[in-house]
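Here the structure comes first, spelled out in structure tokens, and everything after it is commentary.
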Amino acid sequence: MRLRATNLCKSFGRQVVLKDVRLDLDQVHTLAFIGPSGGGKSTLLRIIAGLENPDKGTLSLDDREIVFNEKALMAHRRTVGTVFQAFNLFPHLTALQNITLPLEKVHHHSPVEARQVAETILERFGLSEHGHKTPAQLSGGQRQRVAIARAISIKPKLLLFDEPTSALDPEMTAEVLEVIEELRAEGRDLVLVTHQMGFAHRVADQIALLSCGQIIEWGPPKQVLDHPQSETARQFLAKILKY
Amino acid sequence: MNTRRVRSWLWISPDERNKPVPWQVVCLNWALAFFLLALVCFFSFAQLRYNWNWVTVAAYSNFFWRGWWNTLKISVLALVLSTFIGLLAALARNSGLLVLRALSRLYVELVRGTPLLVQISFAFYVVADAFRFQDRFAVGILTLSLFSGAFISEIIRGGIESIGASQLESARAIGLTRWQTYRYVIFPQAIRVILPALAGMFANLIKDSSLLSVISIEEFTWNAQQVSALTYSNFECYIPLAIGYLVLTLPITLWTRWLEKRTRYET
């Protein structure tokens, strides 16, 4: 994918979350946003996902500028798959129904088709026997995997992950990260916000470090994580690598 | 018979709270509850020096049937209409059109804050009269529906707001429209929260319909009052009246209980 942002600004009330974010990446498959909490990485991801409007600035994906009005954004959201930290799934629907709902109602598959697609994907993720369960009956890791299954079932041009493992214990984190790594190996385009530095290092081909609403550094993992240029980046990395 | 055994028929210790109660024990305790109730009734009526006159009242039984049937008709129509009004008012609260929000708020506060009796008189003698509208039955149903609708709208609004923001976010992310979000995400979950309160409201609506007697709509209470006046009897009219309303309200409670069970899922 090609991702370009110019002068993106966003504030919530008085709080400035993004100020003049500029980014220009070409031929990147996996982009990871890292940085301290409140640095603006989730907000940037949500703008890319079409869930938030910037106050100012432009954003283009594969040389097409994203138009920030509700109608255009709705169309945009239907072409990307977004997975949040938790509570992605609807509690009153089974895992299978959670996947077929957008297929049927948004992407106009017939119920039979939607079911087939959902079953195929669940099988691929080793979740076949859990299709009839509601989210409450699944483990946290299984829930996230179903959420990922739902996101890819619509054949999105881009997958977005907003701290997909932050609410999970280490074992479940591993099972979710494995799935994400698999998707990367398939050549899908991914953007993820993560606190897992090791994982970011392994899967990302570009990493952007955000702090105080700005991109402090960006580049390949080796450069950003191993040889950070700025003082802020060095401090941040030193702090998280300490534990 | 040992005392421990007897105690186990009547009492569940805190350690056994999670165990199911045997059906025989449940039946026994229901019977006991009815017996206690009967005891109070029997005692009260035994004290009463009253000449029961069932035969005279029984001669007017068609009054009761006709009234009960009218109350049933009024209730069913008002029930449907008030749910519809309540839903509209609840949705208007989040409308993009700001005047609708204000109207909805105004409607709910005015109707909830004033007595139904006043509303009925006002609707019939002032508003309906001004519009030269003489159909008591229709005015009655409409007033009753508007009255209940205000409460129902608050119940529905509570149900809608019980759905967490993260779910609305998910719905947005997968590209559901606003209407689809209501249809497939909010309502199926909200209904579970709404049902118990709604059942209570429907039972109230049926009983509140008795106030329509003040504008001489020939419903159940009005008919009972007629019989009472004609036969100089009180309790012989009011007891069938109470039973008649119970026959209408009890199925609603049982029906919603069943629906609640059906829409249950773990969270």
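Protein chains in written order, with numbering that gives the first Met the number 0: chain A, 0 to 242; chain D, 0 to 266. Glycine is no exception: its CB is placed at the ideal position from the N, C-alpha and C atoms.
Supposed contact pair residue j and residue i - C-beta distance, whole angstroms, cut 8 angstroms
i: residue 146(A); j: residue 88(A); result: 6 angstroms
i: residue 144(A); j: residue 97(A); result: Not a contact, Cβ separation roughly 12 angstroms.
i: residue 144(D); j: residue 77(D); result: 5 angstroms
i: residue 202(A); j: residue 162(A); result: No, residue 202(A) and residue 162(A) are not in contact; Cβ-Cβ is about 15 angstroms, not under 8 angstroms.
i: residue 161(D); j: residue 198(D); result: About 17 angstroms separates the two Cβ atoms, so there is no contact after all.
i: residue 93(A); j: residue 130(A); result: 7 angstroms
i: residue 9(A); j: residue 46(A); result: 7 angstroms
i: residue 43(A); j: residue 32(A); result: 6 angstroms
i: residue 288(D); j: residue 119(D); result: The structure shown has nothing for residue 288(D), since chain D only spans 0 to 266.
i: residue 156(A); j: residue 82(A); result: About 15 angstroms; that fails the 8 angstroms criterion.
i: residue 65(D); j: residue 233(D); result: That belief does not hold up - the Cβ atoms of residue 65(D) and residue 233(D) are roughly 20 angstroms apart, past 8 angstroms.
For residue i, the three-state DSSP class (helix, strand or coil)
i: residue 34(D); result: helix
i: residue 211(A); result: coil
i: residue 6(A); result: strand
i: residue 14(D); result: helix
i: residue 57(A); result: strand
i: residue 198(A); result: helix
i: residue 243(A); result: Residue 243(A) lies beyond the range of chain A shown here (0 to 242); nothing can be said about it.
i: residue 206(A); result: strand
i: residue 51(D); result: coil
i: residue 91(D); result: helix
i: residue 31(A); result: strand
i: residue 230(A); result: helix
Proximity to residue i [Cα-Cα], best of the options
i: residue 142(A); options: 107(A), 95(A), 15(A); result: 95(A)
i: residue 82(D); options: 55(D), 20(D), 201(D), 112(D); result: 201(D)
i: residue 180(A); options: 195(A), 166(A), 167(A); result: 195(A)
i: residue 122(A); options: 224(A), 152(A), 100(A), 111(A); result: 152(A)
i: residue 238(D); options: 187(D), 106(D), 53(D); result: 53(D)
i: residue 182(D); options: 171(A), 185(A), 100(A), 216(A); result: 100(A)
i: residue 73(D); options: 140(D), 129(D), 130(D), 11(D); result: 140(D)
i: residue 116(D); options: 38(D), 206(D), 22(D); result: 206(D)
i: residue 213(D); options: 230(D), 35(D), 136(D); result: 136(D)
i: residue 34(A); options: 113(A), 60(A), 214(A), 65(A); result: 214(A)
i: residue 70(D); options: 36(D), 215(D), 193(D); result: 215(D)
i: residue 104(D); options: 187(D), 152(D), 64(D); result: 152(D)
i: residue 40(A); options: 216(A), 209(A), 217(A); result: 209(A)
i: residue 146(D); options: 79(D), 255(D), 40(D), 1(D); result: 79(D)
i: residue 259(D); options: 93(D), 223(D), 196(D); result: 196(D)
i: residue 15(A); options: 155(A), 172(A), 53(A), 23(A); result: 53(A)
i: residue 94(D); options: 19(D), 58(D), 193(D), 178(D); result: 178(D)
i: residue 102(D); options: 142(D), 149(D), 57(D); result: 149(D)
Where residue i falls, given that 16 or more other Cβ within 10 Å makes a residue buried
i: residue 67(D); result: buried
i: residue 190(A); result: buried
i: residue 174(D); result: buried
i: residue 21(A); result: exposed
i: residue 219(D); result: buried
i: residue 159(A); result: buried
i: residue 221(A); result: exposed
i: residue 75(A); result: buried
i: residue 25(A); result: exposed
i: residue 48(A); result: buried
i: residue 239(A); result: exposed
i: residue 205(A); result: buried
i: residue 172(D); result: buried
i: residue 122(D); result: buried
i: residue 107(A); result: exposed
i: residue 26(D); result: exposed
i: residue 235(D); result: buried
i: residue 22(D); result: exposed
i: residue 216(A); result: buried
i: residue 62(D); result: buried
- Listed from N- to C-terminal order along the chain, which residues in the segment 167 to 194 of chain D have their beta-carbon within a distance smaller than 9 angstroms of any beta-carbon of chain A? Cβ contacts with chain A come from 168, 169, 170, 171, 172, 173, 174, 175, 176, 179, 182, 183, 184, 187, 188, 191.
- Given a limit of 9 angstroms on CB to CB distance, which residues of the segment 106 to 135 of chain D reach chain A? Contact residues of the segment 106 to 135 of chain D toward chain A are absent (C-beta to C-beta distance below 9 angstroms).
- Task: Report the residues of the segment 151 to 164 of chain D with a CB closer than 9 angstroms to any CB of chain A, ordered along the chain.
- Result: Of all residues in the segment 151 to 164 of chain D, the ones placed with a Cβ closer than 9 angstroms to any Cβ belonging to chain A are 163, in chain order.
- Item | Within 7 angstroms of chain D by C-beta, residues of the segment 91 to 105 of chain A in sequence order | Cβ contacts with chain D: 91, 100, 101, 104, 105.
- Task: Give, in chain order, every residue of the segment 40 to 54 of chain A whose Cβ lies closer than 7 angstroms to some Cβ of chain D.
- Result: Within the segment 40 to 54 of chain A, the residues whose Cβ lies closer than 7 angstroms to some Cβ of chain D are 48, 50, listed in chain order.
- Message: Beta carbons nearer than 7 angstroms to chain D: which residues of the segment 163 to 180 of chain A have them?
- Response: Result list empty, no residue passes.
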